[in-house]
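Before any comments, here is the structure.
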Amino acid sequence: MSFAYPLILVLLVIPVALIGWAILINWKLPFLGNQVVLPFDEGVQSRGTRWGVAVSLAECLPALILAVVILLLAGPRQLSDPKTKRIMTNIEFCVDISGSMTASFGDEGTRYDGSMKAINDFLDYRQGDAFGLTFFGTNFLHWVPLTSDTSAVRCSPPFMRPESVPSWFGGTMIRKALVACKNKLLKREEGDRMIILVSDGYSSDLSGGADETIAKTLRENNIAVYAIHISESEIPDPIVNICSLTDGQAFAPDDPNTLKTIFEQIDNMAETRLEKTTAETMDDFAPASQHGIVLLGLSLLSLFGLRYTPW
Numbered sequence: 004m005s006f007a008y009p010l011i012l013v014l015l016v017i018p019v020a021l022i023g024w025a026i027l028i029n030w031k032l033p034f035l036g037n038q039v040v041l042p043f044d045e046g047v048q049s050r051g052t053r054w055g056v057a058v059s060l061a062e063c064l065p066a067l068i069l070a071v072v073i074l075l076l077a078g079p080r081q082l083s084d085p086k087t088k089r090i091m092t093n094i095e096f097c098v099d100i101s102g103s104m105t106a107s108f109g110d111e112g113t114r115y116d117g118s119m120k121a122i123n124d125f126l127d128y129r130q131g132d133a134f135g136l137t138f139f140g141t142n143f144l145h146w147v148p149l150t151s152d153t154s155a156v157r158c159s160p161p162f163m164r165p166e167s168v169p170s171w172f173g174g175t176m177i178r179k180a181l182v183a184c185k186n187k188l189l190k191r192e193e194g195d196r197m198i199i200l201v202s203d204g205y206s207s208d209l210s211g212g213a214d215e216t217i218a219k220t221l222r223e224n225n226i227a228v229y230a231i232h233i234s235e236s237e238i239p240d241p242i243v244n245i246c247s248l249t250d251g252q253a254f255a256p257d258d259p260n261t262l263k264t265i266f267e268q269i270d271n272m273a274e275t276r277l278e279k280t281t282a283e284t285m286d287d288f289a290p291a292s293q294h295g296i297v298l299l300g301l302s303l304l305s306l307f308g309l310r311y312t313p314w
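Take 4 as the starting number for the sequence shown in the numbering used here and just add one per residue.
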């Protein structure tokens, strides 16, 4: 146990002195007290040792209460038990809204509809994480900042449908979008970082070794990339390289059910990490307060009989 104001403990000499005085005045130095001579003719009276001890202890109770008050004023403290803290994961959804995302995809409607529905389901798996949403085509748009409020992501699908976006979103520039997402994630100093890329096309800006360059940058910043190639074609090699070099993985769903399973698999692969936090100093008034209440109760009860009469 430690104290916030240890110098106050010096005042404990006062109750110690009072206790010593209560004992000495009744047992060792009786001449200091007010002695009363009682006439007992030819009587043999006991010294009343037992009652004397009880009364002396009762007289020590106020001093003990004062000692408890001094301890409380000193601010008793203790260390809390070490706890485990969930490390938050910052997840950035990078969704393609080029014209090809309007192609049909199972019973969910278009590829865009299936992707956004699967993302909404994925939000329920990762309670406590932060999510961001970036739409991209030839250019990119950070639609939702990193936030733990999942409603911001859930309400996004109607506003950025591929059918209604400007023409300058018509192409597919994955490298540009990944760089933008990386810069966005780097603004978060705490927590793990992850990019979930949803696209259905080939990106020309990943050719000529650009995939290895961006993958190296992402790996150096501890950003894992998981790619979902929502198309009947093979996953482009640059996408596979980026995912493998950043400890992620690339997937190619055949239907909406498979897409949902893939998001569940990503959730299992990106396990939540826990870390132990250091013990914190907190107030510890309970023990002293409990003892003080007991001593106060005993002192009040002792006033009914365990005290010297004034005559």
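Beta carbons are placed, not taken as given, at the ideal position from N, Cα and C, and that holds for glycine.
- Inter-residue distance for residue 224 and residue 122 is about 24 Å (C-alpha atoms, whole angstroms).
- Shortest Cα-Cα distance from residue 22 to any of 9, 67, 53 and 131 involves 67.
- Partner residues in the beta bridge of residue 98, as assigned by DSSP, are 138 and 201.
- In the three-state DSSP reduction, residue 84 falls in the coil class, being neither helix nor strand.
- Closest option to residue 120, judged by alpha-carbon separation, among 158, 178 and 151: 158.
- Linking residue 11 to residue 70 through their CA atoms gives a straight-line distance of about 11 Å.
- Under DSSP, residue 147 forms a beta bridge with 136.
- In chain order, 203 and 204 place their CB closer than 6 Å to the CB of residue 103, counting only its own chain and leaving out the 5 sequence neighbours on each side.
- Sorting 80, 253, 263 and 20 by C-alpha distance to the C-alpha of residue 283 places 80 at the top.
- Contact between residue 221 and residue 249 holds, since their C-beta atoms are separated by about 5 Å, short of 8 Å.
- Counting C-beta pairs with one atom in each stretch, the segment 225–232 and the segment 243–257 have three or more that are closer than 8 Å, which means they touch.
- 8 Å or more divides the Cβ of residue 165 from the Cβ of residue 261.
- In this structure, the alpha-carbon of residue 290 lies about 41 Å from that of residue 192.
- C-alpha of residue 218 to C-alpha of residue 244: approximately 8 Å in a straight line.
- Cα atoms of residue 200 and residue 90: separation of roughly 22 Å, rounded to the nearest angstrom.
- Excluding five sequence positions before and after residue 182, the CB atoms of its chain that fall closer than 7 Å to its own CB belong to 217, given in chain order.
- Comparing alpha carbon positions, the residue from 286, 306 and 300 closest to residue 83 is 286.
- Burial is judged here by how many other beta carbons sit within 10 angstroms of a residue's own beta carbon; residue 150 has fewer than 16 and is exposed.
- It is roughly 14 Å from the alpha-carbon of residue 93 to the alpha-carbon of residue 156.
- For the segment 207–280, the full-length beta strand (DSSP E) segments reaching 3 residues or more read 226–232, 252–254 and 277–280 along the chain.
- In the DSSP assignment, residue 285 is bridged to 81.
- Distance from the Cα of residue 76 is smallest, within the candidate group 301, 211, 292 and 306, for 292.
- Annotation for residue 20: the continuous alpha helix (DSSP H) segment containing it runs 16–26.
- In the displayed model, residue 195 falls within a strand according to three-state DSSP.
- Per the coordinates, the alpha-carbon of residue 267 lies some 15 Å from the alpha-carbon of residue 197.
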